[in-house]
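The numbering of the sequence shown is UniProt numbering, which starts it at 1 and goes up by one.
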Amino acid sequence: MKLYKTGSGIVLESNNLFYTVPADNWDDLVNQDNLYDVLLEITKSVAPADDHQQWAQTGLLAPIGRQEVWASGVTYLRSRNARMEESKKSGGDNFYDRVYDAERPELFFKSTPERVVGPGANVRIRADSTWNVPEPELTLFITSSGKIVGYTCGNDMSSRSIEGENPLYLPQAKSYDGSAALGPCLYVPETPISPDSQIKLEIIREFQAAFTNSIAISQMKRQHTELVSFLFRECSFPFGCFLMTGTGIVPPDDFTLRSGDEIRITIDGIGTLENVVG
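Okay, here's the thing in structure tokens:
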């Protein structure tokens, strides 16, 4: 099932039918360990409606309320190699190699909800960065008790020139206005998402494909529950939280985003998140 947050309320999609969810508070709705069962009950008690057609007027919003967004790094081999290459000149390349095989994963704070953009909105590249890329990531939604109940597409915008200059600049390379996008929905399956699910990235520039690639979630080195366990060790999240799980798709070193580029991130079962670089 898929939950959409729209300008006209919350909409549930199940088996190609749409239901107006009788709830006003997104945070209270999604922060439930039995979210799938709650949504299933809605499909039994609420008649399908055509209210979702109002999306054309009100639009889709990012599927987030008051949750923080965190992120994981170096969870795919391709990401490790890219981070090592970009930080070689600064002497920080061995840190990325070591964290890939370490017991403790790389976790960092990505965004407050106010800095997150939704489907169709503009993501941003920093004015003081010369090398910028999108990072398409499966993003977990985790309840306040630490249970994974949903998934969405995430774009972890990254300023590689800044991070490559010095690994200590990671917060500046990763966290700024418009540096994170989520959507198009919160996917709530009965069982965990299939490891065979594909993540696909397309970057369209002047109506032409400038970059395209895909990878299976199964290529991730770490388990989702492993990342969550480290995140929740000393942090509490009263409204739940989102966790981007890292990227396995990195454009070549001679590629950088430009204003006007269209970024499309597609994950099997979830849908496509589309944003334009502002």
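Ideal Cβ positions, reconstructed from N, Cα and C, are used throughout, including at glycine.
This structure is a prediction, so every number in the text was calculated from the model and none was measured.
Bridge partner(s) assigned by DSSP for Trp70: Position 70 of the sequence shown, counted from the first residue, corresponds to residue 70. Note: Trp70 sits in a beta bridge opposite Phe109, Leu243.
Is the beta carbon of Gly240 closer than 8 Å to that of Ile142? Numbered from its first residue, the sequence shown carries residue 142 at position 142. Numbered from its first residue, the sequence shown carries residue 240 at position 240. The answer is yes: Cβ separation under 8 Å.
Is Cys235 a contact residue of the ligand FMN, with contact defined as CB to any heavy atom under 7 Å? Judged by which ligands are present, the structure shown has none, so any question about the ligand FMN falls away.
Report the three-state DSSP secondary structure of Gln32 (helix, strand or coil). One-based indexing of the sequence shown puts residue 32 at position 32. Of the three classes helix, strand and coil, the one that applies to Gln32 here is coil, per DSSP.
Roughly how many whole angstroms lie between the Cα atoms of Glu274 and Thr152? Reading the sequence shown from its first residue, position 274 is the one you call residue 274. Reading the sequence shown from its first residue, position 152 is the one you call residue 152. Approximately 13 Å, taken between the alpha carbons.
Kindly indicate which residue of Pro251, Ser229, Thr6, Gln219 has the alpha-carbon position closest to the one of Thr75. On the sequence shown, residue 75 is found 75 positions in, with the first residue counted as 1. For the residues Pro251, Ser229, Thr6, Gln219, the minimum Cα distance to Thr75 belongs to Gln219.
With DSSP as the reference, identify every bridge partner of Gln198, one or two as the case may be. The residue given as residue 198 occupies position 198 in the sequence shown. Beta-bridge analysis with DSSP links Gln198 to Ala216.
On the CB-based measure, 16 or more other CB atoms within 10 Å of its CB, does Thr130 come out buried or exposed? Counting from one through the sequence shown, the residue named residue 130 turns up at place 130. Answer is exposed; the Cβ neighbour count stays below 16.
Hey, Leu231 and Ile64 are a contact pair by Cβ (cut 8 Å); roughly how many whole angstroms apart? Within the sequence shown, the letter at position 231 stands for residue 231. Within the sequence shown, the letter at position 64 stands for residue 64. Contact between Leu231 and Ile64 is ruled out by a C-beta separation of about 17 Å, above the 8 Å threshold.
Three-way DSSP call (helix, strand, coil) for Ile193 in this model: For this step, residue 193 is matched to residue 193 along the sequence shown. Secondary structure at Ile193: coil, using DSSP grouped into helix, strand and coil.
Alpha carbon to alpha carbon, what distance is there between Asp128 and residue 310? A question about residue 310 goes unanswered here, because the residues of the chain that appear run from 1 up to 278.
Which residues DSSP lists as bridging Thr136, in chain order: Taking the sequence shown and counting its residues from 1, the one referred to as residue 136 is at position 136. The sequence given here has Pro at residue 136, not Thr. Bridge partners of Pro136: Asn155.
For the beta strand (DSSP E) containing Ala181, list its first residue and its last residue. For the purposes of this step, residue 181 is taken as the residue at position 181 of the sequence shown. Where Ala181 is concerned, the enclosing beta strand (DSSP E) starts and stops at 180–187.
Name the two residues that bound the continuous alpha helix (DSSP H) containing Thr130. Within the sequence shown, numbered from 1, the residue matching residue 130 stands at position 130. First-last for Thr130: undefined, no H or E at that position.
Put Met84 into one of helix, strand or coil per three-state DSSP. As a working mapping, residue 84 is identified with position 84 in the sequence shown. Bear in mind that a pLDDT of 49 at Met84, under 50, signals an unreliable position, so the number given afterwards is only what the model happens to contain. The answer is helix: DSSP assigns Met84 an H, G or I state.
What number of angstroms, rounded off, separates the C-alpha of Asp261 from the C-alpha of Ile125? For the purposes of this step, residue 261 is taken as the residue at position 261 of the sequence shown. For the purposes of this step, residue 125 is taken as the residue at position 125 of the sequence shown. In this structure, the straight-line span from the alpha carbon of Asp261 to that of Ile125 is close to 11 Å.
Ser229 burial status per 10 Å Cβ neighbour count (16 or more: buried): As a working note, residue 229 is residue 229 in the sequence shown. Of the residues assessed, Ser229 falls on the exposed side of the cut-off, its CB having fewer than 16 other CB atoms within 10 angstroms.
From the DSSP output, in three-state form, read off Leu77 for me. Residue 77 sits at position 77 when you count from the first residue of the sequence shown. If DSSP states are grouped into helix, strand and coil, Leu77 belongs with the helices.
Rounding to the nearest angstrom, what Cα-Cα distance links Tyr19 and Pro119 in this structure? Numbered from 1 along the sequence shown, position 19 holds the residue referred to as residue 19. Numbered from 1 along the sequence shown, position 119 holds the residue referred to as residue 119. Rounded to whole angstroms, the separation of the alpha carbons of Pro119 and Tyr19 is 20 Å.
Does DSSP put Val123 in a helix, in a strand, or in coil? Reading the sequence shown from its first residue, position 123 is the one you call residue 123. Three-state result, Val123: strand.
Cβ neighbours of Leu29 in the same chain (closer than 6 Å, five flanking residues each side left out): For the purposes of this step, residue 29 is taken as the residue at position 29 of the sequence shown. Answer for Leu29: Ala23, listed in chain order.
Less than 6 Å between C-beta atoms, sequence neighbours within five positions excluded: which residues of the same chain meet that for Glu17? Against the sequence shown, residue 17 aligns to sequence position 17. As written in the sequence, residue 17 is Leu, which differs from the Glu given in the question. Pro48, listed in sequence order.
Coarse secondary structure for Ala209, derived from DSSP in three states: What you label residue 209 is simply residue 209 of the sequence shown in a count that begins at 1. DSSP places Ala209 in the strand class (E or B) of the three-state scheme.
Starting from Pro5, follow its DSSP beta bridges and name the residues at the other end. Your numbering for residue 5 matches position 5 in the sequence shown. The sequence shown places Lys at residue 5, not Pro. Paired residue(s): Ile10.
Less than 8 Å between the C-beta atoms of Asp196 and Ala216, yes or no? In the sequence shown, counting from the first residue as 1, residue 196 sits at position 196. In the sequence shown, counting from the first residue as 1, residue 216 sits at position 216. In contact: Asp196 and Ala216 (Cβ atoms closer than 8 Å).
Run through the DSSP bridge pairs and tell me what Val277 is partnered with. Position 277 of the sequence shown holds residue 277. DSSP lists Val123 as partners of Val277.
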